[in-house]
Each structure stands twice: as structure tokens, then as C-alpha cells.
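I have placed the structure first, in the form of C-alpha cells, so that the comments after it can refer back to it.
Residue numbers (my numbering), protein chains in the order written: chain A, 10 to 368; chain B, 41 to 283.
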């Protein structure tokens, strides 16, 4: 099969992944550092004869996605942290109505208006249910421009498979940087499913509705029980992660996205120094790979969690390991980007003496 | 014997939850009559608001979604853009359309979205207990204006339909009142014209319907109808606002 290979920003690779996945509707509102993505979609969706709307707000964009998705079509919206906060209402409604849809967050520094530098401080919001109610969304964390394409492409199939919103959680660095991206020239949308629930008009079938209001006694609990069953199924089927040099590791980095990639260099550097380091990179942040971390934790392994946040994912690592003494953390906040040297310096300061002494 | 009237095909044969004398049941029926007359029941997709009409899908026998509060026109935009051949309309109250959803309605109009809007203006939030709406008249008592609506404190009744008339993307706007048999007929005619405007691809249209809320106006249904005729139409004159 003939491959296409070219140099792309993460934002544009993400957009192309969506186009190749058969995204028929895109609604977006300008916000840095994902503006290239919206501009790319404006160009590509028009080329493909599909729908692009620059909405009046992020609220409107996610609700347009709600409508297009309810009509049975693949739909996406993208934004960055402050804009994603505004979309949470719509994401909760989509989860409640069991509507598929893809949301991309190219994270920037927060809280508030923050800045436009890369950050990972929306982990809680993405993985613990940013909107109201008991719901979950699948969260994919790319670490390369190639994964910006691949995960966005796959997100549509996952969303359709489970009738649930899926988020691609990237950051400003991934969005802005350029790398080669490669895919089959004639790649077709995958995982297309029939959508008998869609709002297409009551032709040859009874009228139906898409809603999340259930006032009758017990009905809403019934919906919630069904949703939770679905979330358990997703946890069973969709957990993804990548292990690097973990087999004999005494200390395992846990890091995702941009930092997950940086931590590879940290592992290599430590291995050169004779330290048995490894890396566990969660690819799905929800469902989170608790069991894999539990498995790695057997035999007294130490964990070094590093994030561009005050420490959010580290809470999930603690839940998995159940031994805080073995978990260390280094984070940068507000758009601060660490270097591998800086991460390892912190690791040396916090942990290395213990590893050397075999403690 | 000739049957002169029957329940529209598009209306489910169930009792509604609306209060005695409420205008929603009547306006629901008018919408259904228009859908039937146009023969588009199987091509119709409605978007219900948050508010008293949130349960519209229980009464309409065509596909109906429920949107988040005020996002109704954005949801309708998403549906219509991917299914341009369908009849897509929103049905919104004054809280949904003129308060929390002001941005969505203005920009759907400004984009000239080829959708129809049935805007029911009864001057209060009914579902939540009769609070002040942007459309509440000056001097009107509500749950949140215990000293009545005063311009210095709560501002003025909002004429959003007149505001919409300034937008180039808007094709047709009319205000009617269901407070008399003549007004009911005019309302039906306006809804028909709005739906036709959409089916002909002419762009955004909206019908504002002045409707009674006896419960939260604190008066019996007949007096509520009289209030529309005597007081409400002074603030909100009926007629074609843009065509």
C-alpha cells in the first residue's frame, strides 16, 4: 500500500487524522495554541465538501457537535484548556445522551486564562469527569506528531463503538512542533457502525428522541447503571500503555504525552550510568492502566512520576501502587517545560541514593 | 357527518403536563398541524429547550432532541448542516432564547442558518417557579422581583425579535399572540410561513408567540388572555417584523 509521508505540525496531523476518519462536521473557536488545527480544518473540510463552522463560542461549537452527532454523523471540536472548560457542559450532555464525538484539547498553562505554553494540568478535568454527573470519557494521550494523527483517527471509531465522547489530550508542544507523519494514501474511515438511534426523521420507524432528562422514578438511575456497565466494558477492552525497559527496572518513570517521550531520554541516560530505569507511558489516561502499574510494582519497584502539572496523574499511580513510600514526583507548572537533565537531577536528589543502597 | 377537526397526526394522544390555561399545549398543536399540512412529519427534527417545553418529545410524534439550556440553535445548526434536506426547528422559551441562549440565537440568525425557531414568550421562567425573564414587563411581580420589575434595578423588557431584525442573515420574523381565535390562526399561519421559508432554502426565520402563563402571572386563564391583549402587546406589538 502506498504511504504518504510528510512533515507536519501536531495540530495539522490531528486535523488530517480527523479528515481521514470521516469526520463530517467540525465546529471550532479560535484559541492558541491550537489555531493551526482550526485553520487546517477550514481548508480541508471545504476541500472535501464537508461542514466547517467557526462558532461564536466553545459552548456553541460543542453543541453543534452534539447536533451533528445526534444526526448520526462523525463530528469533532478542538480547543485548548480555557475553551475546553466551556465545553464541559456539552460533553456531560453528550455522555448522558450517549452520543459519540471527538474533542481535542491542546493543553496550555492554567488556571484561568493562564498562558499559551504547553501544560498537562487538565488531567483531572479530562479523566475524572470535567462536567457534572457520573460519567467517563475515553482519553487518549499522544506523544508524537504521528500519534496526533493516529489517535485522532482512532478516536472516531472508539467514540462510535461505545457511543461516548472521546478526548485526545495533547499539549501546546505537540500541537506546534513539526515531525514526519505517515499513513496509507487511501486510508478509509474505520469502525463505521449503523446508528439506528440517530435523529434522521421518523421515516418507516416510530419517532425517537435524544435526551438526558429522566424525571420518572428510577429512570435516571437505570441510565446510570447502563452507563457504568459500559464504562466497565471500556476499562476491560481499551486500556493502552507502552513499556520501555521496564523488565528489570528498579525505578520506573510514569509519564504521558510530551513528558512520556522526554522520559525515554531520562531512562537512556540513567541506563548509561548503570541505573536500571524504565518507563511506563499510559496511552489511555482513562481507562487508566492501574493493573499494569500494579504488576510493575511487584518486587519493590520505585516509581518516578513526572508531569507538566502540580501532580495530577500521580494520584492514579498512588491508587495503583498503594504504597506512597515508593512514589516520587517531579512536576513543572504554568507552562514550564522540564529538560530530561532537570528531571533526572530531581530523581537523583529524591531517589537515587535509595536505589543505589538497594533500599 | 363531516369531521371538522381531529388531533393532528404529529401529536401523540397523551395528556400534557402543562398547567390549565398555558399556551404551550396550543402552540404544540399548531406546530403539529403545520407539520401535517406540509406532509413532512417523517422529515422533521425538532430541538426542545430547557424550560416548560422540555418534555415536548413526549407530545410530538416526530424526532425530537433535548438540548442544553439555550444551546438549542447550536444543536439545530449541527443537525441541519449535516442533513440539509430535513425540516429542523427549535422550540424555545424566553429564558432559553433571550437570556442564557442569547449568543446562540443571535449567531444562528447572523449565519442565516436555514432553520426555523418557534419562540414562546410568556414573560417568566415557568419550569423553575416564575422568576423574572428578560421579557418580563416593567411593574410585573415575579418570584425574583418581589418589588416588581424596576428599570433601574432589573433593566427593561427585551425585544429580541426586533434585535434579530437587524441581522442580514435573517429572512423572516413575525410576532403573534395566541390570546384570541384570530391570533391563534395568525400564529399557525406564521409557523407555516417560517417552515416554508426553510423548506425553500431562504434562511433563518423565527416566530415569536406571546403566550399566557396564568400560574405565574397569578391570574385565571381568561384574565391571562386579556392581559396579553391589553398589556403585553403594547410592549411587544404583533405583526411581521422582517420579511
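Glycine included, each C-beta is placed from N, C-alpha and C at the ideal position.
Within the model, the alpha-carbon separation for residue 150(B) versus residue 280(B) is close to 19 angstroms. The CB of residue 217(A) comes closer than 9 angstroms to the CB of 97, 103 and 104 in chain B, given here in chain order. Here residue 180(B) carries a coil assignment [DSSP, helix/strand/coil]. By the neighbour-count criterion, in which 16 or more other beta carbons inside 10 Å mark a residue as buried, residue 29(A) falls on the buried side. Residue 114(A) does not reach chain B, its nearest Cβ partner there being about 20 angstroms away, counting only Cβ pairs nearer than 7 angstroms. Here residue 361(A) carries a helix assignment [DSSP, helix/strand/coil]. Of all residues in the region 202 to 222 of chain B, none has a C-beta nearer than 9 angstroms to a C-beta of chain A. Nearest CB-CB separation between residue 49(A) and chain B: not below the 9 angstroms threshold. Within chain B, the residues 118 have their CB atoms less than 7 angstroms from the CB of residue 74(A), given in chain order. Using a Cβ-Cβ cut-off of 9 angstroms, residue 28(A) does not count as an interface residue toward chain B, since no Cβ of chain B sits closer than that to its own. In this structure, 235(A) is the residue among 362(A), 235(A), 343(A) and 193(A) with its C-alpha nearest to the C-alpha of residue 145(A). For residue 116(A), the pairing in a beta bridge is given by DSSP as 180(A). The alpha carbon of residue 199(A) has as its nearest neighbour, out of 262(A), 177(A), 161(A) and 355(A), the alpha carbon of 161(A). In the DSSP annotation of this structure, the continuous segment of the beta strand (DSSP E) that includes residue 34(A) starts and ends at 34 to 37. For residue 79(A), the closest Cβ of chain B is nearer than 9 angstroms. Interface with chain A (9 angstroms Cβ-Cβ cutoff): residue 111(B) is included. According to the DSSP assignment, residue 103(B) belongs to the beta strand (DSSP E) that extends over 103 to 106. For residue 126(B), the chain A residues whose Cβ falls inside 7 angstroms of its Cβ are 210, in order along the chain. At a cut-off of 9 angstroms between beta carbons, residue 108(B) contacts chain A. With a beta-carbon spacing of about 5 angstroms, residue 89(A) and residue 117(A) fall inside the 8 angstroms limit used to define contacts. Inter-residue distance for residue 120(B) and residue 126(B) is about 7 angstroms (C-alpha atoms, whole angstroms). Assignment of beta strand (DSSP E) within the region 145 to 231 of chain B, counting only whole runs of 3 or more residues, yields 156 to 161 and 210 to 217 in chain order. Contact annotation, residue 287(A) with residue 261(A): C-beta distance approximately 5 angstroms; criterion of less than 8 angstroms satisfied. Close to chain A, meaning a Cβ-Cβ distance shorter than 9 angstroms, are the following residues of the region 65 to 84 of chain B: 80, 81, 82, 83 and 84.
The region 208 to 219 of chain B and the region 257 to 270 of chain B touch, with no fewer than 3 CB-CB distances between them shorter than 8 angstroms. Distance from the Cα of residue 94(B) is smallest, within the candidate group 58(B), 193(B) and 237(B), for 58(B). Against residue 34(A), the close residues of chain B are 118, 121 and 122, in the order they occur along the chain (beta-carbon pairs closer than 9 angstroms).
Contact between residue 75(B) and residue 81(B) is confirmed by a C-beta separation of about 5 angstroms, below the 8 angstroms threshold. Shown here, residue 72(A) sits in a helix according to DSSP, grouped into three states. By the CB criterion at 9 angstroms, residue 80(A) and residue 85(B) fall inside the cutoff. Using beta-carbon distances, residue 271(B) does not count as an interface residue toward chain A, since no partner is under 9 angstroms.
In this structure the region 62 to 71 of chain A lies against the region 91 to 104 of chain A, because at least three pairs of beta carbons, one per stretch, are closer than 8 angstroms. Cβ contact annotation for residue 36(A) (same chain, cutoff 6 angstroms, sequence separation greater than five): 62, 64, 70, 73, 74 and 86, in chain order. In the DSSP assignment, residue 337(A) forms a beta bridge with 313(A).
Going by beta carbons, residue 143(A) and residue 93(A) fall outside the 9 angstroms limit. For residue 265(B), the enclosing alpha helix (DSSP H) stretches over residues 261 to 267.
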